[in-house]
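One structure below.
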Amino acid sequence: MIEQFTFRRLGFDSEIKPFDCGDSDLNEFFYKDALNYLRQFLAVTYVFENKLATVAFFSVLNDRISGEDSEKSIFRKIRSKIPHKKHFRSFPAVKVGRFGVDQQFHSQRIGTEVMDFIKAFFTIRNKTGCRFITVDAYNYPRTINFYKKNGFDFLTSHDGKEDTRSMYFDLMTFARNNSAC
Ligand SMILES: CC(C)(COP(=O)(O)OP(=O)(O)OC[C@H]1O[C@@H](n2cnc3c(N)ncnc32)[C@H](O)[C@@H]1OP(=O)(O)O)[C@@H](O)C(=O)NCCC(=O)NCCS
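All residue numbers for the sequence shown refer to the numbering used here, where the first residue is 643 and numbers rise by one.
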């Protein structure tokens, strides 16, 4: 489905086509802050669009998973999957800082396809080591369900009552299933 849309990196001289994912904070970030974040090297935003509108966008920035921001048992589980684990106090990750699909396109698997695209983006011909995707997911059942369905797990059980929940995805599972390595 997303193959029918144009994919591009948001740039200073490019038009921002109409977008409404139903969440005002995310809409505002997209219209007002995305280019400031780009200017300050804080996040890069990519869009899928058709002739008239932005269908989906995501903003990504460097991150890491460490013992400090995850639950001990979960971090142990993560470390146990990685050879040379003793050398690492943290593991490189990319954070999906913002992510939205225009409301007209919700529940048509576009979010899932964009998430698969992000997984491939940071696995195949990646420029730097990046083992995990992280996200601070809105703590709404449907949003958590979306990330769970897309293979994400919680980094801690201690944020269950917060507005957002820290979640991660191991890119090695994607690479294995897609013979990228
Ligand atoms: C969450 C979101 C990116 C999913 O994109 P999508 O294209 O609708 O996702 P898919 O069609 O691949 O998967 C559908 C699942 O996403 C979730 N979902 C669907 N609409 C949603 C909405 N408005 N808000 C939150 N989650 C939603 C549900 O789990 C849904 O499953 P269901 O149809 O069985 O209820 C999209 O709904 C969205 O932009 N929501 C508003 C912004 C947002 O919450 N972004 C995530 C911030 S962490």
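Idealized CB from N, CA, C, for every residue including glycine.
N704: not part of any alpha helix (DSSP H); member of the beta strand (DSSP E) spanning 696-708, first to last residue. Excluding sequence positions up to five before and after F699, its CB lies within less than 8 angstroms of the CB of L652, F661, F672, A676, T687, Y688, V689, F690, R740, F741, G742, all in the same chain and listed in chain order.
Relative to the non-hydrogen atoms of ligand 1, the Cβ of C663 comes within a distance shorter than 7 angstroms of at least one. Between the alpha carbons of K761 and L813 lies a gap of roughly 7 angstroms.
The nearest non-hydrogen atom of ligand 1 is 7 angstroms or more from the C-beta of T648. In the three-state reduction of the DSSP assignment, I724 falls in the coil class. Using a cutoff of 7 angstroms, the CB of S715 does not count as near ligand 1, since none of the ligand's heavy atoms is closer than that.
Taken atom to atom, the span from the alpha-carbon of C663 to that of N819 is near 30 angstroms.
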